[in-house]
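One line per chain: the protein sequences are A and B, in this order. The first sequence: position 232 = 232 (the numbering used here), numbered continuously. The second sequence: position 161 = 551 (the numbering used here), numbered continuously. The structure under discussion appears below in the form of C-alpha cells.
Protein chains: 2
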Amino acid sequence: MQNFVFHNPTKILFGRDTVAKIGPETAALGQKALLVYGRDSLKKSGIYKQICDSLSTAGVSVVEHSGVQSNPMLEHVRAGISKAREHDIDIIVAAGGGSVIDSAKAIAAGSVVAHDVWKFFNGKKSIKAALPIVTVLTLAAAGSEMNSGMVITNEKTRQKFGFGHRLLHPVTSILDPEVTFTVPPDYTAYGAIDAVAHVLEFYMTSRDTDTPVQCRLMEGLIQNSMEACERCLLDPQDYGGRANLMWTATLALNGLTGAGLGRVGFPMHMIEHSLSALYNVPHGAGLSVIIPGWLTWFCQQEEARVAQLGENIFPVEGYQRLTTSAMAERTITIFRNWFSKIESPVSLGELEIPPSDIPGIAQNALTLARFWRLNEYSQQTIEEILHLCK
Amino acid sequence: MQNFVFHNPTKILFGRDTVAKIGPETAALGQKALLVYGRDSLKKSGIYKQICDSLSTAGVSVVEHSGVQSNPMLEHVRAGISKAREHDIDIIVAAGGGSVIDSAKAIAAGSVVAHDVWKFFNGKKSIKAALPIVTVLTLAAAGSEMNSGMVITNEKTRQKFGFGHRLLHPVTSILDPEVTFTVPPDYTAYGAIDAVAHVLEFYMTSRDTDTPVQCRLMEGLIQNSMEACERCLLDPQDYGGRANLMWTATLALNGLTGAGLGRVGFPMHMIEHSLSALYNVPHGAGLSVIIPGWLTWFCQQEEARVAQLGENIFPVEGYQRLTTSAMAERTITIFRNWFSKIESPVSLGELEIPPSDIPGIAQNALTLARFWRLNEYSQQTIEEILHLCK
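Here is the structure:
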C-alpha cells in the first residue's frame, strides 16, 4: 500500500425528508447565498420550492444563478462569479448533479480572486481560498457532492478540464434519494456508468497491487452500481434502488477508493472529456463508448488486472476455468453488454461520430493528457484506443 | 437504507515515515501538549523519541502522562485531567492503541469541565467542548483513531462503559504501519479480532436488510482483517500485511459500515466489556470467546443473516449446497477455528472463568445493556449466551 492522506470533512445528510435541512445548514455558514441550479426540472419536482422555503425560513437571502448545462460551461461560471461579487455573496448553495456542483465550486473559488477563474484550470494559478459550498444532490453520478474535484468546459478553446483542491469540499451535502425519483432512465443509466467508470479508473491504473482493502471496496461498488441501476430502471420510485445508487456513486469518488493506490490516472475520462467537449455528448454516454475500447487496449498491457476484476465480480458458474485472456475478454463483454442493456451507446457510430473525426478527438484529448501528466498517452495511442471504440 | 448523518472530519496521514509529521500537525492546533501513552514499548521502539523530537522542533512544549493500561482506567484518566488543568494544556497528543486514544479523548473532554469526567459515561452530563486531539497509532484494532467513540473502565464500580460524541474525533491521526512491526503475535491477533467484531456487530444487528453497499463493504473488511492478520503473524515485518490490517481496522469502525443501517447494537462488546472489567481480559481475547457463543445464540433468531455472511465470505467450493442452518453453523465454526488458529481463546474455560461466575458476569453486563438501550437483553438472556461460551 502506498502512503496517502485521507481527509474528507464533508458532512452528509442522507435520506428521506432531508432537503428541508438546507436552510439551517446554510445559515450556519453565511447569510447571502448564490443558489446555483440547472433548468426547470428542479422547479417541476417541487425541490426548488422546498429549498427556497427552507433558506428563507432560516433567514438566508438568495440570489439565483440558474441555467447550468450538463458539461458545464466556463462562460456561465464567469457570469456566476460576477453575480457573486456584485451581491457580496458569502455562501454557494448548489442544487443539482455534478455539473451544478462543479459550477458552484468554480464560482466559490473564482469569486474570491481578481483573476479569471480559468487560470485555476490551466494551472497558471492555484486556489488559496473559496466561499463555503452546501449542496442538495439531484443525480447519483459524479460524486462531486463529497469530493474536492470539479470539471468545467471552456467552450472557446473546446477544453473540458478538471482538477481537485481540498478547499472545494462541500461543507454539507444533502442526499435525499426521493429527489432522484424523477431522473429519467437515460440519465439514471449515465449516472451509474459514471460511478462504474470512476471505480474502474482507480482499479485499472493503480501501480500497487497489494491493496486488497481498496480492491474489495471497489469491486463491491461496481456490483452495487450495476444492481442498483437496474432496480431504478425497473422501478424509478424504488427507494432502496435509488438510495443504494446514490450512496454508491458518492463513495465511488470520495477519496476512499484511491487511498493507498499511489498515483492513478483517469485515462477513460481523459478521452471522454473530448467527446463531451467537441460533441456535447452526455458524460455517461461518452464513457460507455470509451470504456470497452480502452479496456481492450489496456489488455495488451495488463490483461490480468481486467481478468481479476471479472473473476471477483462476475464469477463463472461452477467449475469452468477460463484462461486469463478469455476471462479478461469476458469481463469487457459483460460491461459492453450491460451498457447496451441499460441503453447507453457502446460505439462512436452510435453517437454518429465518423472514424474520420478520430484524429481531431485525439488531438483535443492530448491537451488534457498533458495537463493530467498522462505522459504514456500519445496522439497515436489515443487514436488507437478510439479505433477500438468505433 | 435508513436515514443517516455521516461526518468524519479526521485527517489520516498514512504510510511510511509519517510519525515525524506529528510536530507540525500538533503545532497547528496548540502549543502545550499532554502526551498520553502507555508503557515502555513506545520508548523501546524509538517512536517515543521520534514524537518528542518532532514536537520539540515544532515548538510544542510537552507534559507527559504515561502508564495507560489496556482496558484504560478511570483513575488514570482523572489524573490526566488534573495534569491538563494544572499545566494549562491546549492539545492532547495520544501515542498508542485504542486504550491510549480513548484515555486521551476522555481527558480532552474532562479537562474543559468542572464536573467529574465519569458523568459523561453514566449519562448525567453531555459533552459540549473538548481539547483537540492528535494521535500516533501503534496498534491496528480499535478504530478510535478515526472515530468519535471512547471506552473507559471505572475500576471502583467495575463498569467498562463507552459512548461517542462528534467532538471526540481526532483532528489528525498518523498511521505508520512500520510502527506496528513490533506488536507481538497475541496483540496482533486481538487487534484483528476487534476489527472483525466491530464489523460483525453492525452486520448482525442491522434491522435494515436493503443495504448491499454496506454489506459488501463489511464483508470485504472481515476478509481483509483475517487475511492481513495471518500475513502479520507469519511475518511481523510484512509491510503490506501491517498496512492492510491497519487501514482495515480503521475503516471497520469509522462510521462508514453503519451509515444507513439504522439503529444497531453492540451486544458482543456489551458482554465482553464485563470480562475485561471483571477479569482484565484483553479485549480481543474476550471477544473471541463471546463471538461464537453469541452467534450461536443469535442463530435462533436470524440464522439467515449468519448464513448469508458465510456464503459471501467463506464460499463453499463447487456445487455443494448447504441448508441455511448448516451454512450458519459452518460460518460460526470457521470463525471459532480461525480464532483458535491465531491462538486466541474461544471459551470461558480457556480464560479460567468457571461457569459459576456466569450470573455475576451477566449482572455486570446488564448495566451496560441498559445504558446502551439493548433492552432485549435480560439477565437470563445474557446468562444463556454466556453458557454457550463455556
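All C-beta atoms, glycine included, are put in the ideal place defined by N, C-alpha and C.
- Here the segment 554-561 of chain B does not lie against the segment 584-593 of chain B, with fewer than 3 beta-carbon pairs under 8 Å apart.
- The Cβ atoms of B:Ser563 and B:Ile402 lie closer than 7 Å to each other.
- In its chain, beyond the 5 residues on either side, Ile412, Glu415, Thr416, Leu419, Ile481, Ile482, Val483, Ala484, Pro560, Val561, Thr562, Ser563 and Ile564 have a beta carbon closer than 8 Å to the beta carbon of B:Val524.
- Within 10 angstroms of the beta-carbon of B:Ser734 lie 16 or more other beta-carbons, which makes it buried.
- By the Cβ-count criterion, B:Arg763 is exposed, with fewer than 16 other Cβ atoms from all chains shown falling within 10 Å of its own Cβ.
- Short of 6 Å from the beta carbon of B:Gly428, and not among the five residues preceding or following it, lie these beta carbons of its own chain, in chain order: Val458, Gly486 and Val490.
- For A:Asn154, the uninterrupted beta strand (DSSP E) run begins and ends at Gly149 to Asn154, by DSSP.
- Taking all protein chains shown into account, A:Ala129 has fewer than 16 neighbouring C-beta atoms within 10 Å of its C-beta and is therefore exposed.
- In the structure shown, A:Lys124 adopts coil according to DSSP, grouped into three states.
- The C-beta of B:His505 has fewer than 16 other C-beta atoms within 10 Å across all chains shown, which makes the residue exposed.
- Under the three-state reduction of DSSP, A:Phe14 is assigned to strand.
- Across the segment 392-409 of chain B, CB contacts with chain A closer than 9 Å involve Gln392, Asn393, Phe394, Val395, Phe396, His397, Asn398, Pro399, Thr400, Lys401, Ile402, Leu403, Phe404, Gly405, Arg406, Asp407 and Thr408, in sequence order along the chain.
- Counting only residues of its own chain and dropping the five nearest sequence neighbours on each side, B:Met616 has a CB closer than 8 Å to the CB of Ala582, Val586 and Trp728.
- For A:His76, the enclosing alpha helix (DSSP H) begins and ends at Leu74 to Glu86.
- Taking the beta carbon of A:Gln223 as reference, the chain B residues within 7 Å of it are Arg606, listed in sequence order.
- If you look at B:Ile703, you'll find it in the alpha helix (DSSP H) that goes His673 to Ile703.
- With at least 16 other beta carbons inside 10 angstroms of its own, B:Glu591 counts as buried.
- Here B:Glu545 is not near B:Met660, since their CB atoms are 7 Å or more apart.
- The alpha-carbon separation between A:Gln301 and A:Met268 amounts to approximately 16 Å.
- One thing to note: A:Met1 has its Cβ no nearer than 7 Å to the Cβ of B:Ala759.
- Straight across, the Cα-Cα distance linking B:Ala498 with A:Gln237 is about 46 Å.
- B:Asp576 is the residue among B:Asp576, B:Lys495 and B:Leu424 whose C-alpha sits nearest the C-alpha of B:Lys731.
- The Cβ of B:Trp637 sits closer than 7 Å to at least one Cβ of chain A.
- For the segment 585-602 of chain B, the residues whose beta carbon sits under 7 Å from a beta carbon of chain A are, in order, Asp600 and Pro602.
- At least 7 Å separates the beta-carbon of A:Ser288 from that of A:Asn364.
- Between B:Tyr669 and B:Arg548, the alpha-carbon positions lie close to 10 Å from each other.
- Glu227, Gly240, Ala243, Asn244, Trp247 and Thr248: these are the residues of the segment 226-248 of chain A whose beta carbon lies less than 7 Å from some beta carbon of chain B, given in chain order.
- Around the beta carbon of B:Lys780, fewer than 16 other beta carbons lie within 10 angstroms, which makes this residue exposed.
- Counting along the chain, A:Val134 sits inside the beta strand (DSSP E) bounded by residues Ile133 to Leu137.
- Linking B:Phe394 to A:Phe14 through their CA atoms gives a straight-line distance of about 5 Å.
- With fewer than 16 other CB atoms across the displayed protein chains lying within 10 angstroms of its CB, A:Glu86 is exposed.
- When Cβ-Cβ separations below 7 Å define contact, B:Gly610 makes contact with chain A.
- B:Ala410 and B:Ser435 have their C-alpha atoms roughly 14 Å apart.
- With a beta-carbon spacing of about 5 Å, B:Glu454 and B:Leu425 fall inside the 8 Å limit used to define contacts.
- By the C-beta criterion, the segment 250-259 of chain A is judged to be in contact with the segment 141-154 of chain A, since at least 3 inter-stretch pairs fall below 8 Å.
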